[in-house]
Every structure is written in C-alpha cells, then in structure tokens.
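Chains as they are written, first to last, in the working numbering: chain V, 1 to 197; chain L, 198 to 319.
We put the beta carbon where it would ideally sit given N, CA and C, even for glycine.
Remember, predicted model here, so these are calculated numbers, not experimental data.
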C-alpha cells in the first residue's frame, strides 16, 4: 500500500530533506497512532469508524503540515483528530434526528467497544478480568461526559498533552481546558464512585 | 478532595495506557497500514487547482441550496429521508475535498502534455 521511506524521499527529489521528513513523520505517527486510536474509540465507540478517523487525521497532517517543525505536530495532529471525531459525532447526531423523526433509528450500528476488545493477555486471568471491568466502567463514564470534558480528560490523561497543547488541540483557551478538565474529574468521581470508591 | 481526584486520574491513566498496550495485532497492523498510506501522500502532491479558495465557497453554497430545497419540500417517506441523509453525507465529503482529491482522473488530466500545452498557449 505505502512506499518505503527511501522511495518517498527519492520521489520528492530531495533524498536528505524529504527522507528526513518522511522518517520523522513515520516516527511521530508510529508513536501516537495507538493512543490516537483509543481516543477515537472513546469518542466514537466504533472501532472500524475510529480507524478510519485516525487514518484520515494522519493523511491530513501529512498533506497539510509535513513542512512545519516536528515540535508542532502533536497539537496539530490532535487538533485534526478531535475535529474529525466531532465531525463524525455531528453527522451521527443529524442522522439520528432525521431517522428518529420518521420513526426509524440506526442504534444497531453502534458497537460497544468492549465487545470487540482484544482477548485475554498472558497475565493472570482474574486480574485481567478486573482490569477490563474497571476499564469498562471508565469507558462508560467517559461516554457520559459532555464532549469537551471528555476531550480535555483524554488528551491530558491518555496522550499526556500539557494545558497549552490541549488548548491548541481543542481550539479553546487554556482556562477553558482547566475548567473542562476539572469538571470532568468531578463528574467521573461521581459516576465511578460506586465502582472505584 | 485533591488526593481523591489524583487517585482517579492516576488510575484512569493506568487503565487507558494498559488498554493501548493491549491493542490486538490486527488493529496494530491496520494502524500501521494507515500510517503508510498517510506517508505515501508525501509523494503525491495535490493538483494546484484544488487549492483554489473559491472551491470551498462554491461547495458551501451548493450544500445550502440542497438544505433549503429540502426544507421547502420535505421528503414523503423514510426511504427518501435516508437517501437525503446519505446525499448530505456525500456533500459533506465534497466540502472536505475528500472525494475530489481521490479522483485519479483529475490527476491524470493534469499530467497530459497536450492538454497542459494547450492550456499554457491559450
């Protein structure tokens, strides 16, 4: 499907510069792709759709921002990813409203991500089951958060972005990020209290 | 209170990172394929005309016209609504250039020497 990094560099006619850019982009995307996928799954709750969204975000980053300094890629990539997730959610909302108005729905299309979760790893089955139960509770609680609160929480906690980069990714002020994050933690504490208390 | 919050954050972080580490091989392979497909874009520069600022505006106007037409004459049955929703999705894709960008035809057209020369001399 894709060309090798050397081929990419040669095809651009500047083996050193283009090859370096391709290698740096490859390394960056390799580092973030799994976490980006988890963030997309938490927002979309459908693994196939989440994969499409992540691939789209990767393509948009490469097309639009390969030339910018690599230090700027993380907030740019997550900004694109968050926008793609929002777009997907918006389309789903519109589709549901339209279909609900006419007495039909597409609820069956939504999958519980846990149903397609990977099988047990090699660790202790009881511990693995307990962890999956806790993760299920967390995913359920995150799904019940307002969109902005969930975004702030996963970008800060899963991706480890600082407040400034989270604000850039969410296209809001740093103060808003702090507010969304604080409220997310408060709400999660309420929702998870009985499971994690 | 802050300690409780910190414990929740720590545990959430731990669980989310563990779920990333446990991603199955099939998903990892698909992510790697997605990455390679994205990197292939480096060797496939987009046609210049796609950067025309008027394209997005024209597509927006088209979307608005479809919406107005639909509001003025709503479809009569559910099938028509589904088709309309699908059409709106297609229009959104057009707005985002995705469909247009993927049309190999335009790429081919731009690379035809006789057409390029004709455009340059005329």
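Asked, Found
"Secondary structure, alpha helix (DSSP H): runs of 4+ residues fully inside the stretch 115-165 of chain V", "125-143, 147-157"
"Where residue 231 (chain L) meets chain V, residues with beta-carbon distance less than 8 Å", "33, 51, 54, 55, 58"
"Same chain only: Cβ atoms within 6 Å of residue 199 (chain V), ignoring 5 sequence neighbours per side", "Given that chain V is displayed from residue 1 to residue 197, the structure contains no residue 199 (chain V) and the question cannot be resolved."
"Residue 262 (chain L) beta carbon less than 8 Å from that of residue 38 (chain V)", "no"
"Residue 96 (chain V) (DSSP reduced to helix, strand or coil)", "helix"
"Beta-carbon proximity check, residue 159 (chain V) vs residue 78 (chain V), cutoff 8 Å", "yes"
"Closest by C-alpha distance to residue 149 (chain V), when choosing among V:131, V:172, V:137, V:134", "V:172"
"Cβ shell of residue 84 (chain V) (< 7 Å), same chain only, five flanking positions each side left out", "53, 56, 57"
"Residues from the stretch 122-135 of chain V in contact with chain L, defined by Cβ distance under 7 Å", "131, 134, 135"
"Closer than 8 Å to chain V by CB, residue 262 (chain L)", "no"
"Between the CA atoms of residue 226 (chain L) and residue 86 (chain V) - distance to the nearest angstrom", "25 Å"
"Nearest-angstrom beta carbon gap, residue 141 (chain V) and residue 188 (chain V) [assumed within contact, 8 Å]", "5 Å"
"Proximal chain L residues relative to residue 196 (chain V), where beta-carbon distance stays under 8 Å", "205, 208"
"Beta-carbon gap between residue 192 (chain V) and residue 137 (chain V) smaller than 8 Å", "yes"
"Cβ of residue 226 (chain L) within 8 Å of any chain V Cβ", "no"
"Where residue 225 (chain L) falls: helix, strand or coil (DSSP)", "helix"
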